[in-house]
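With the numbering used here, letter number 418 in the sequence shown gets 401, and the count goes up by one each step, no holes.
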Amino acid sequence: MFGIGEAARRARAARALPKRPSAAVALSAAIAASMALAASCRTVPTPRIGDAGRRPAAGSAAVSATGGPLPVEAYVPGPIVRVGIIVDVTRAVVSAESGLIVREAGPVAREVPLPRATFVAVAPMAAGSRFRVQVGSLSDQRSAEDLAARVREMAKTEALSRWSEETRTWQVRVGDARTRDEAVALSSRLQQLGVSGGWIAEEPREPTPGRLRLLETGDELSAASVVPSRSDDTLSADGLTYRGVMEVRPGESGLTVVNVVNLEDYLKGVVPNELSPDAFPQLEALKAQAVAARTYVLRNRGGYAAHGYDICATPSCQVYRGKSTEKAMSTQAVDDTRGMIASYQGALINALYTSTCGGHTETGANIFEGEDVPYLVGVSCAPEREAWATIHTTAAPRALGDQPDLNREAALLVSLDVLPGKMYASTALKPAPTEEELRDWVGRLVLSLKRKPCASTVEGPLTRRGTFVRHLVSAMCWDDRAQRLLSPDDPEYLLSVEDRAELADRHDVLAAALLMQEGILTPFPDNTLRPNAPITRAQAIEMLGRTAVVAAPPGLVSAEFRGMAGGGLTVRTDKGEASLPIDLAARLFRSLDGARLGTSELDLAEGDKVTFVAQGGRITFLEAQQSLLGASADRSSKYYRWEVRMTPDEVSKAISRYGTVGQVRDVVPKRFGVSGRVIEAAIVGSDGELVLDGLRVRWGLGLRENLFVIDRERDAAGNVTRFVFTGKGWGHGVGLCQVGSFGMAQAGSTFDRILQHYYTGIRLRKEY
């Protein structure tokens, strides 16, 4: 054992001596020699933490100026965020294509290269004793620290110096063994390294948290960091790949894997999972999402510090799935807004966002306690009024007959120059058609399609419905389509009509079946086709109009409305943007989920789908695709409207997390928010009443949103047998409406206008 004076003298002498091989160098040489011998063996020894690891020259992991490993932060450019990607598991596997390096946490940065790393949880150690090897007891603190540093470097294990009141000296102790035998083995190894005279000291051990075991080496670690062997590689965990590096540490109920990643790279793995660019391909909406997500993480970073990370990777925070889910458009949105955040009066806002708000967001304080802030007030979810346009026409809508779509079909055919303008009148449709005009109308329709007409060989009068159907199919060159695209059983299946026997022959059958399949021919209300009846002008026009829509003539253009400019309609087609004047007497139509309605005034928002026909460079027919769900920007969400039916027993089970009321008798909304959301509800039962408020209303009833109404089905005695919840939206309804931002972007809003719409009074600024 080193005496106090002897140890100090040796320490001073070591600093004064000329350079010569140290015990540590000798140890490295011995390791190198043993590795050289191992290379000739068929079995490679299991690597251990601390073994020398060769790093690739190109794209290698970061090392310090002296060749040692750098802290985790050195591998990742700032700003950094730590994301808990796998929490409380018993086993975790991390891998990389180029291999990886595991670095043990602690004052001695030991590391080992591996093809992959498998960590398992080790149970926490109860209170007891620890055993260390004391190699010195010195009066001088610096000498003790120097000795500890030398031993730590040689032995690659923990060595510390501490003051002892009992001996009034600085004691140098090495290791942290669980048993005396382990400490004796360490003492023997220290003697081999030239550190002699050690003795075993027993110390009380406080209860310790769980530890990790690295299965590939057998080492037990307090925590570890994992970096790819090459800096241009990524790490994989739980089936997903991640940028940055990993930290693995014991958690409360197992292991936790933390992804330490650059904040902008983190956002590239958040934005496509919160607002998919595949389903919502609008760059401005994705940019708004990127700013909201960036603001949220900066505002809430550190919220999980007690668990060893900044933020979670689930919907409780923001959904993050790493590099695996990155998309080009969402990555562009992150890059285009780099460092940009939303603030209110200079401070970061709590940028809450919700999937679908059902047409109106809610004031934050009505849903969340502590969110009574001016920027989280309920607002309407609709395109900005500046994005709307109203088109007027001098041609009032007409009712040409009993068929619901006749007005629209006739207007379309007149604009396509299939019918003369005089036919757009109810009086003109009353006389029976002549064979010549029917043949002429079919011929002009084929010409409007810019196709070569086929010569019809159909015999018999065209004024017969069955013959007209066959002539239309033949003139459109659809005989081959009927022969080859109808399956053998299709005609019998489609023509389950009362008068099927009146179809003259196989050609009649195929023609009728084809036009029924295409939606051109429909049975009468009494389920008959009436092939032997005379055709009327209205019936012929209806079939010709539907044929035009199915065949899509070049003159019938589908486009996206972009606005009005100089009295003209600006649209975007697959050929680019164009602006066309609208005829004063243009025929205007609304297609409300398939129901076509004529109108003298048509409201359009940027992004609306339109179909039009232009004659002589002027639009004469215009139809807008509109929704019965209304004008809300989030109406495209499949969760915009929903219905849930629950029995009283199901309600009782759902609310059990908050309390019981016996047999549920009613659910009574008590208070409503600015959007109409139920912000307080009473569950009335045989044993009392349970009041839920805010988000607990939604959670307690197990509904998608707080925005709902209730209908009740009752038995003969008047007792409720079923509650019918009809609602709108999905989520908490506060802040940015994600699908609504997509709708606003479709209508021409930029990301900053979107954010300022949903977050009242905010400012945007570059944070870095």
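We put the CB at the ideal spot given by N, CA and C, even for glycine. These numbers come from a predicted model, not from an experiment.
For this session: State the Cα-Cα distance for the pair Trp424 and Ala531, rounded to the nearest angstrom.
Result: In the sequence shown, the residue the question calls residue 424 occupies position 441. In the sequence shown, the residue the question calls residue 531 occupies position 548. When rounded, the distance between both Cα atoms is 12 Å.
For this session: Tell whether a beta-carbon distance below 8 Å holds between Ala373 and Glu584.
Result: What you label residue 373 is simply residue 390 of the sequence shown in a count that begins at 1. What you label residue 584 is simply residue 601 of the sequence shown in a count that begins at 1. Checking the sequence, you will find Thr at residue 373 rather than Ala. In this structure, Glu584 lies closer than 8 Å to Thr373 by Cβ.
Exercise. Where do the ends of the alpha helix (DSSP H) carrying Val274 lie?
Worked result: The sequence position of residue 274 within the sequence shown is 291, counting from 1. Unbroken alpha helix (DSSP H) run through Val274: Leu266 to Asn283.
Exercise. Any contact of the stretch 317 to 324 with the stretch 649 to 657, i.e. 3+ C-beta pairs under 8 Å?
Worked result: no
Problem set entry | Whole-angstrom distance between Ser620 and Arg391, CA atom to CA atom | Within the sequence shown, residue 391 is the residue found at index 408, counting from 1. Within the sequence shown, residue 620 is the residue found at index 637, counting from 1. Between Arg391 and Ser620, the C-alpha separation is close to 29 Å.
For this session: Note down, in chain order, each residue of its chain lying with its Cβ closer than 6 Å to the Cβ of Gly528, except the 5 sequence neighbours on either side.
Result: For the purposes of this step, residue 528 is identified with residue 545 of the sequence shown, where counting begins at 1. Counting only Cβ-Cβ distances below 6 Å, and skipping sequence neighbours, we find Glu392, Leu395 and Leu396.
Problem set entry | Continuous alpha helix (DSSP H) assignments of at least 4 residues falling wholly in the stretch 416 to 464 | 418 to 431 and 448 to 458
For this session: Check whether the stretch 598 to 614 touches the stretch 627 to 646, counting contact only when three or more Cβ pairs, one atom from each stretch, lie closer than 8 Å.
Result: no
Exercise. For the alpha helix (DSSP H) that contains Tyr741, what are its first and last residues?
Worked result: Within the sequence shown, residue 741 is the residue found at index 758, counting from 1. Where Tyr741 is concerned, the enclosing alpha helix (DSSP H) stretches over Phe734 to Tyr741.
Problem set entry | Of the residues Phe706, Phe691, Glu485 and Ala730, the one placed nearest Gly716, counting alpha carbons only | Position 733 of the sequence shown, counting from 1, holds the residue named residue 716. Cα-wise, what sits closest to Gly716 is Phe691.
Problem set entry | Residues near Ala9 by beta carbon distance below 8 Å, same chain, minus five either side | If you number the sequence shown from 1, residue 9 lands on position 26. Model confidence at Ala9 stands at a pLDDT of 34, short of 50, so the residue's coordinates are unreliable; what they give is reported in the following sentence. Nothing meets the Cβ criterion.
For this session: May I ask whether a heavy atom of the ligand GDP can be found less than 7 Å away from the beta carbon of Asp591?
Result: Annotation note on the ligand GDP: not contained in the displayed structure, which lists no ligands.
For this session: Count the other C-beta atoms from every protein chain shown that fall within 10 angstroms of the C-beta of Asp164, then say buried if there are 16 or more, exposed otherwise.
Result: Your numbering for residue 164 matches position 181 in the sequence shown. It counts as exposed.
Exercise. What is the DSSP secondary structure of Ala408, reduced to helix, strand or coil?
Worked result: Taking the first residue of the sequence shown as 1, we reach residue 408 at position 425. Looking at Ala408 - three-state DSSP - the assignment turns out to be coil, as it is neither helix nor strand.
For this session: May I ask you to verify whether the stretch 380 to 387 touches the stretch 584 to 598, counting CB pairs closer than 8 Å and requiring at least 3?
Result: no
Exercise. Candidates Gly723, Leu497 and Val70: which alpha carbon is nearest Arg232's?
Worked result: Within the sequence shown, the letter at position 249 stands for residue 232. The residue with the shortest Cα to Cα distance from Arg232 is Val70.
Exercise. In angstroms, rounded to a whole number, what distance separates the CA positions of Tyr327 and Arg93?
Worked result: Stepping through the sequence shown from its first residue, residue 327 is reached at position 344. Stepping through the sequence shown from its first residue, residue 93 is reached at position 110. Whole-angstrom Cα-Cα distance: 46 Å.
Exercise. In the structure shown, what three-state DSSP assignment does Gly361 receive?
Worked result: Reading the sequence shown from its first residue, position 378 is the one you call residue 361. Coil.
Exercise. Can you tell me whether Phe507 is buried or exposed, with buried defined as 16 or more other CB within 10 angstroms of its CB?
Worked result: Here residue 507 corresponds to residue number 524 of the sequence shown, with the count starting at 1. Exposed.
For this session: Could you give the DSSP three-state label for His290: helix, strand or coil?
Result: The residue you call residue 290 lines up with position 307 of the sequence shown. Here His290 sits in helix by DSSP.
Problem set entry | Beta-ladder partner(s) of Cys295, from DSSP | Sequence index remark: in the sequence shown, residue 295 carries index 312 (1-based). Gly67, per the DSSP bridge assignment.
Problem set entry | Every unbroken alpha helix (DSSP H) inside the stretch 302 to 387 [4 residues or more] | 311 to 319
Problem set entry | Trp146 - containing beta strand (DSSP E), residue span | Position 163 of the sequence shown holds residue 146. Start and end: Ala142 to Ser147.
Exercise. Taking Cβ to Cβ, would you say Val254 is nearer than 8 Å to His740?
Worked result: Along the sequence shown, read from residue 1 onward, the residue named residue 254 stands at position 271. Along the sequence shown, read from residue 1 onward, the residue named residue 740 stands at position 757. Not a contact, by the Cβ cut-off of 8 Å.
Exercise. What is the DSSP secondary structure of Lys621, counted as helix, strand or coil?
Worked result: Within the sequence shown, the letter at position 638 stands for residue 621. Residue state, collapsed to three classes: coil.
Exercise. Helix, strand or coil for Arg520 per DSSP?
Worked result: Against the sequence shown, residue 520 aligns to sequence position 537. In the structure shown, Arg520 sits in a helix (DSSP, three-state: H, G or I).
Exercise. Quick one: what's got a C-beta closer than 6 Å to Asp159's C-beta in the same chain, skipping five residues either side?
Worked result: Against the sequence shown, residue 159 aligns to sequence position 176. Cβ within range, chain order: Arg113 and Glu141.
Exercise. On the three-state DSSP scale, how would you describe Gln646?
Worked result: Within the sequence shown, the letter at position 663 stands for residue 646. Coil.
For this session: Would you mind listing the beta strand (DSSP E) stretches within the stretch 212 to 266 that are 3+ residues and don't spill past its ends, in chain order?
Result: 218 to 220, 223 to 225, 228 to 233 and 238 to 245
Problem set entry | Rounded separation between Ile602 and Tyr225 - CA only | Your numbering for residue 602 matches position 619 in the sequence shown. Your numbering for residue 225 matches position 242 in the sequence shown. Cα to Cα, Ile602 sits roughly 53 Å from Tyr225.
For this session: Can you say whether Leu238 is buried or exposed, counting buried as having 16 or more other CB atoms within 10 angstroms of its CB?
Result: In the sequence shown, the residue the question calls residue 238 occupies position 255. Leu238 is buried by the Cβ-count criterion.
Exercise. Going by C-alpha distance, which of Asp215, Glu345, Trp153 and Leu250 is nearest Gly714?
Worked result: Position 731 of the sequence shown, counting from 1, holds the residue named residue 714. Among Asp215, Glu345, Trp153 and Leu250, the Cα nearest to that of Gly714 is on Glu345.
Exercise. To which residues of the same chain is Gly683 closer than 6 Å at the C-beta, ignoring the five residues directly before and after it?
Worked result: Taking the first residue of the sequence shown as 1, we reach residue 683 at position 700. The answer, listed in chain order, is Ile638, Tyr641 and Leu675.
For this session: Tell whether a beta-carbon distance below 8 Å holds between Ile84 and Ser179.
Result: Residue numbering aside, residue 84 sits at position 101 when the sequence shown is read from its first letter. Residue numbering aside, residue 179 sits at position 196 when the sequence shown is read from its first letter. Contact flag unset, no.
Problem set entry | Stretch-stretch touch, CB-based, cutoff 8 Å, three pairs: the stretch 661 to 678 with the stretch 296 to 305 | no
Problem set entry | Val634 to Ile518 span [Cα, whole Å] | Taking the sequence shown and counting its residues from 1, the one referred to as residue 634 is at position 651. Taking the sequence shown and counting its residues from 1, the one referred to as residue 518 is at position 535. Whole-angstrom Cα-Cα distance: 58 Å.
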